[in-house]
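In our numbering, the protein residues as written are 19 to 508.
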Amino acid sequence: MSGTRTRTTTYAHAFEDAARIPPAERAALLGGKGAGLVRMTEAGLPVPPGFVLSTAAGLAFLENGEPPPGLRAEVRAQMDRLARRLGRVFGGGPSPLLVSVRSGAAVSMPGMMDTLLNIGLVPAAAAALDARTGDSGYARRSARALAEAHAGLGLGPVSGDPYEQLFTAIDAVFSSWRTERATEYRRLHGLPDEGGTAVTVQAMVLGDLPGPGVSGTGVLFTRDPVTGEPGAVGEFLPDGQGSGLVDGTRTPGPLADLAARAPGVHADLLRHAAALEAMYADMCDIEFTVEDGTLWLLQVRPGKRTDAAAARIALDLVAEGTIDRAEAVRRAGDRTGAVASAAPGTDLGPVLCTGLPASPGIATGRVVFDADAALDMADSGETAVLVREFTEPSDIHGMAAAGAILTATGGRMSHAAVVARELGVPCVCGAAALAFEAGTVRIGGRPLAAGDVVTVDGTGGRVHGPAAAAVTTTPARTAYQERLAEWAGA
Ligand code: ADP
Ligand code: MG
């Protein structure tokens, strides 16, 4: 064709419109997260509305170093529509519209790219929010969190213009495809470097909203991601935003805490979780937030799991008639990694502290406090135990090199826990007796130094000091793994 080329694709897809895209094409176009949000919206589940900027936009951004022509106009049009639909104002009151700007590649890379929350919190919106919450500090705290996020990403001061904020955030999330940690994660998992990320812009729901109604945030797995046992397990952090839970800077309580505070919300959540597991025909990892007693689902994906859990879930799904044997083998036939355990009665040494059993297995090694040191120690042929207040996505290379991981904060759904399980590295997290203060680390009041020998029992959730005799462990597969291996061989 000659003359002016007309663009036949649009970059921005509102969740409700994207239902028109064939399901098989969605993950590549919208990213896994965007596709999940569209699928939940389609199923009538409670999802805050929003829109996805496609991976095509992400690729164009990476190629040119700037947004492709037309993208910003599409974003403005989508924002107008979102504000109208919700009866809110972007950048003002009386009911301010705040949005999150979320990454989402075709293949999930949890926590490896950037997310910015509370976009649109300019002074006029902050004043309106304070009036609404009756808490004069709330908007200030949220704005500070945004400023800290900006600083953390090297973005400079937060603009006073809501669209400037939004465009800066979108560009930053597109760019986060190329951060060192995301690149390292793809290398570790054999994922292609091409592709880029989609960006989801979504109305914020406030899990940290002050007031008498129940608010908070949580994560639910429809089956146990450590053992594969049936039955939902999860965590709930009252009065918090999801970021604190996912990055592991705060240690949540069990899902039972939500049941105690808001039984109706808890029951709805379990109902939605069962529906999603049926839709995906697999164990799902669901992120949710409760704002003033109302439940919102923010993410769904097939949940990351240990090898042992992968085998058990695959076999159970066959027994339940959800998948057939061939599919079970395809999904989990290679999840044969054995878990190390010590013979019953072995002296593991005195218990230094307990925490959450986040990733099973047992390993003895020397304490290191940063990821590079873990890598160096592994290179020298010794086992490193990576001890952190919480892990960050940039620690990924050290986590992969470590023999075990120990964190002071964070639950079983935190970054440290999820990544450790996937890597097959034993992990104890949320060990409250582990204290990082003023450059020193103490464990149960006693100093812990780099080079100290400890044993991390990720199955039992305990950390031991040196034992009288060297601890010997033997790796073993579960009965589920053995059976699946037989099927795979047959
Ligand atoms: P990740 O790549 O780590 O999955 P997410 O895009 O899920 O990042 O964002 C991290 C956290 O931010 C989420 O777990 C969620 O709790 C919070 N968040 C994202 N979008 C929203 C939203 N629209 N409202 C409230 N919280 C949000
Ligand atoms: Mg998430």
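Ideal Cβ placement from N, Cα and C applies to all residues, glycine included.
| said: Does the distance between the C-beta of GLU417 and the nearest non-hydrogen atom of ligand 1 fall short of 6 Å? | reply: In the sequence on display, residue 417 carries Met and not Glu. MET417 Cβ: outside cutoff for every heavy atom of ligand 1.
| field | Three-state secondary structure assigned by DSSP to PRO362 | value | coil
| CB ARG268 to CB LEU255, shorter than 7 Å? | yes
| field | Burial state of ALA344 (16 or more Cβ within 10 Å) | value | exposed
| request: Check whether the Cβ of GLU305 lies closer than 6 Å to any heavy atom of ligand 1, and answer yes or no. | output: yes
| task | In the DSSP assignment, find the unbroken beta strand (DSSP E) run with GLN317 in it and report its ends. | result | 312-320
| Going by other Cβ atoms of all chains shown within 10 Å of its Cβ, with 16 needed for buried, is ALA280 buried or exposed? | buried
| beta strand (DSSP E) runs wholly inside the segment 132-197, at least 3 long, in chain order | 133-137
| message | So the candidates are THR490, LEU333, ALA391 and LEU116; which of them puts its Cα closest to the Cα of ALA497? | response | LEU333
| field | Cutoff 7 Å; reference ARG460; Cβ partners in own chain excluding five residues on either side | value | ALA453 and LEU466
| query | Expressed to the nearest angstrom, what Euclidean distance is found between the alpha-carbon atoms of GLY225 and LEU134? | reply | 15 Å
| Secondary structure at PRO41, three-state DSSP: helix, strand or coil? | helix
| said: Rounded to whole angstroms, what is the Cα-Cα separation between PRO40 and ALA123? | reply: 18 Å
| query | Sorry if obvious, but does the Cβ on GLN317 come closer than 6 Å to a heavy atom of ligand 2? | reply | yes
| task | Could you name each continuous beta strand (DSSP E) segment of 3 residues or more that falls completely within the segment 33-92, going from the start of the chain to the end? | result | 68-71
| field | CYS447 beta carbon less than 7 Å from that of THR473 | value | no
| message | Excluding the 5 residues flanking GLY311 on each side, which residues of the same chain have their C-beta closer than 6 Å to its C-beta? | response | GLY231 and VAL232
| request: Would you give the residue range spanned by the beta strand (DSSP E) that VAL217 belongs to? | output: 216-221
| said: Could you check whether SER160 and LEU139 sit closer than 7 Å to each other, using their CB atoms as the reference points? | reply: yes
| said: What residue range does the alpha helix (DSSP H) around ILE341 cover? | reply: Premise fails: ILE341 is in no alpha helix (DSSP H) and is neither H nor E.
| field | Integer-rounded CB distance, given that GLN96 should sit under 8 Å from ALA32 | value | 6 Å
| request: Would you decide whether HIS207 is buried or exposed? Buried here means 16 or more other CB atoms lie within 10 Å of its CB. | output: exposed
| query | Quick one: does PRO41 have its CB under 7 Å from some CB of chain C? | reply | The structure shown has no chain C; it contains just one protein chain.
| request: Using 10 angstroms around the beta-carbon of PRO378, count the other beta-carbons present and answer buried if the total reaches 16, otherwise exposed. | output: buried
| request: Compute the minimum distance between the beta carbon of SER359 and the heavy atoms of ligand 1, and state whether it is under 6 Å. | output: no
| Limits of the unbroken alpha helix (DSSP H) element including GLY260 | 260-264
| query | What are the boundary residues of the beta strand (DSSP E) that includes ARG406? | reply | 402-406
| Per the contact definition of three or more C-beta pairs closer than 8 Å, is the segment 486-504 in contact with the segment 413-432? | no
| query | Are there three or more Cβ pairs, one per stretch, closer than 8 Å when the segment 240-252 is compared with the segment 284-294? | reply | yes
| said: Let me check understanding here. Comparing Cα to Cα, which of VAL219, ALA163, ARG103 and GLY54 lies closest to ALA30? | reply: VAL219
| message | By the three-class DSSP mapping on this structure, what secondary structure does PRO270 have? | response | coil
| LEU370 versus GLY479 - alpha carbon distance | 11 Å
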